[in-house]
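Sequence order for the protein chains is A and B.
The working numbering applies: residue 26 is where the first sequence begins, and numbers increase by one.
The working numbering applies: residue 3 is where the second sequence begins, and numbers increase by one.
Positions of the beta carbon are idealized from the N, C-alpha and C atoms, including for glycine.
Okay, so here's the structure we're looking at.
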Amino acid sequence: GNSVTQMEGPVTLSEEAFLTINCTYTATGYPSLFWYVQYPGEGLQLLLKATKADDKGSNKGFEATYRKETTSFHLEKGSVQVSDSAVYFCALSDRDGTSYGKLTFGQGTILTVHP
Amino acid sequence: EAGVTQFPSHSVIEKGQTVTLRCDPISGHDNLYWYRRVMGKEIKFLLHFVKESKQDESGMPNNRFLAERTGGTYSTLKVQPAELEDSGVYFCASSQAVGGQGPYEQYFGPGTRLTVT
Chain A
26 GNSVTQMEGP VTLSEEAFLT INCTYTATGY PSLFWYVQYP GEGLQLLLKA
76 TKADDKGSNK GFEATYRKET TSFHLEKGSV QVSDSAVYFC ALSDRDGTSY
126 GKLTFGQGTI LTVHP
Chain B
3 EAGVTQFPSH SVIEKGQTVT LRCDPISGHD NLYWYRRVMG KEIKFLLHFV
53 KESKQDESGM PNNRFLAERT GGTYSTLKVQ PAELEDSGVY FCASSQAVGG
103 QGPYEQYFGP GTRLTVT
């Protein structure tokens, strides 16, 4: 079956530091890949996505590149802000037409950014 | 436009009691999903409705869980009787119409935190 593995957290950084959160996946086909973010007290929000190999998703200064050869989708940001403090989830969705968008999530990584 | 809403935001019940969670999807979204996150672990899929029909309920843990979607609008998830291991955060998500290549973005609600004591 499908699975997603994220680096274990929590991650604590100072403002303006570089962020990397690792994500690797196992899937039978060619899934779509996502990063979701959950800010305190809110629901999950889609941060970025990539639907095929070598695609780069980007949003709010965050980037992630779909690497089929390493089955990875690492999240990066060059300079984090205090407002980026949240829980980040890597996820995938099959594109074989049978799962209708069902998401498989990683464990989540808590990010705390200090001023 | 209102987002996905869930009620209650937090529920504390005793083992053996019954709890019903409600989800109101974004208006016009045919797809409705339930997920659950237990004790800081990964978020796991429970089931998927297309309109009022259950498309996939492969993630439902056992027959103590019953989900319905009345008239293809709001959905309820009933746990009866609740057990300690049912504690966690239950998320609902919705996405737009079936068809096409997809996957369509899923919009999540804030979740219901269920605590079974």
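The beta strand (DSSP E) with residue i in it runs from where to where?
i: D58 of chain B; result: S55 to D58
i: K17 of chain B; result: Run containing K17 of chain B: none; DSSP gives neither H nor E here.
i: K102 of chain A; result: L100 to K102
i: Y2 of chain B; result: No information on residue 2 of chain B is available, as it lies outside the stretch 3 to 119 that chain B covers here.
i: K81 of chain A; result: K81 to N84
i: K74 of chain A; result: L69 to A75
i: A116 of chain A; result: A111 to S118
i: R92 of chain A; result: Per DSSP, R92 of chain A belongs to no beta strand (DSSP E) and is neither H nor E.
i: Q63 of chain A; result: S57 to Q63
i: S39 of chain A; result: V36 to S39
i: F9 of chain B; result: T7 to F9
i: S28 of chain A; result: S28 to Q31
i: F130 of chain A; result: L128 to F130
i: T119 of chain B; result: Unbroken run through T119 of chain B: none, as it is neither H nor E.
i: V138 of chain A; result: T134 to H139
i: I46 of chain A; result: L44 to I46
Contact check, residue i vs residue j under 8 angstroms by CB: the rounded distance?
i: D141 of chain A; j: A52 of chain A; result: No information on residue 141 of chain A is available, as it lies outside the stretch 26 to 140 that chain A covers here.
i: S57 of chain A; j: T76 of chain A; result: 5 angstroms
i: L86 of chain B; j: S13 of chain B; result: The Cβ separation is near 14 angstroms, so there is no contact.
i: F87 of chain A; j: K102 of chain A; result: 5 angstroms
i: T155 of chain A; j: S97 of chain A; result: Outside the displayed range of chain A (26 to 140) lies residue 155 of chain A, so it cannot be described from this structure.
i: A111 of chain A; j: Q63 of chain A; result: 6 angstroms
Check the Cβ-Cβ distances between residue i and every residue of chain D, and say whether any is below 8 angstroms.
i: Q132 of chain A; result: Going by chain labels, chain D is absent from the structure shown, which instead holds the protein chains A and B.
Near-chain A residues of the stretch 72-86 of chain B - C-beta to any C-beta below 7 angstroms: Within the stretch 72-86 of chain B, not one residue has a Cβ closer than 7 angstroms to any Cβ of chain A.
Three or more C-beta pairs below 8 angstroms linking the stretch 65-82 of chain B and the stretch 24-41 of chain B: Touching, yes, given that three or more Cβ pairs across the two stretches are closer than 8 angstroms.
The stretch 22-30 of chain B in contact with the stretch 39-50 of chain B per 3-pair CB rule at 8 angstroms: Too few Cβ pairs lie closer than 8 angstroms, so no.
Stretch pair the stretch 125-137 of chain A + the stretch 10-25 of chain B: three plus CB contacts closer than 8 angstroms: Fewer than three pairs of CB atoms, one per stretch, sit closer than 8 angstroms, so the stretch 125-137 of chain A makes no contact with the stretch 10-25 of chain B.
Inter-stretch contact at 8 angstroms, needing at least 3 Cβ pairs: the stretch 59-73 of chain B / the stretch 28-38 of chain A: Taking 8 angstroms as the limit for Cβ pairs, the verdict is that the stretch 28-38 of chain A does not touch the stretch 59-73 of chain B.
Continuous beta strand (DSSP E) assignments of at least 3 residues falling wholly in the stretch 30-95 of chain B: Unbroken beta strand (DSSP E) runs of no fewer than 3 residues, entirely contained in the stretch 30-95 of chain B, are found at 33-39, 45-52, 55-58, 67-71 and 77-81, following chain order.
Where the stretch 77-101 of chain A meets chain B: residues whose CB sits under 9 angstroms from a CB there: Against chain B - using a Cβ distance shorter than 9 angstroms - the stretch 77-101 of chain A contributes no residues.
Against chain B: residues of the stretch 103-114 of chain A by CB proximity under 9 angstroms: So the close ones are F114.
Residues of the stretch 45-59 of chain B whose Cβ lies closer than 8 angstroms to any Cβ of chain A, in chain order: Per Cβ criterion, the list reads I45, K46, F47, H50, V52, Q57 and D58.
Chain-ordered residues of the stretch 9-25 of chain B with a beta carbon less than 7 angstroms from chain A: Against chain A - using a Cβ distance shorter than 7 angstroms - the stretch 9-25 of chain B contributes no residues.
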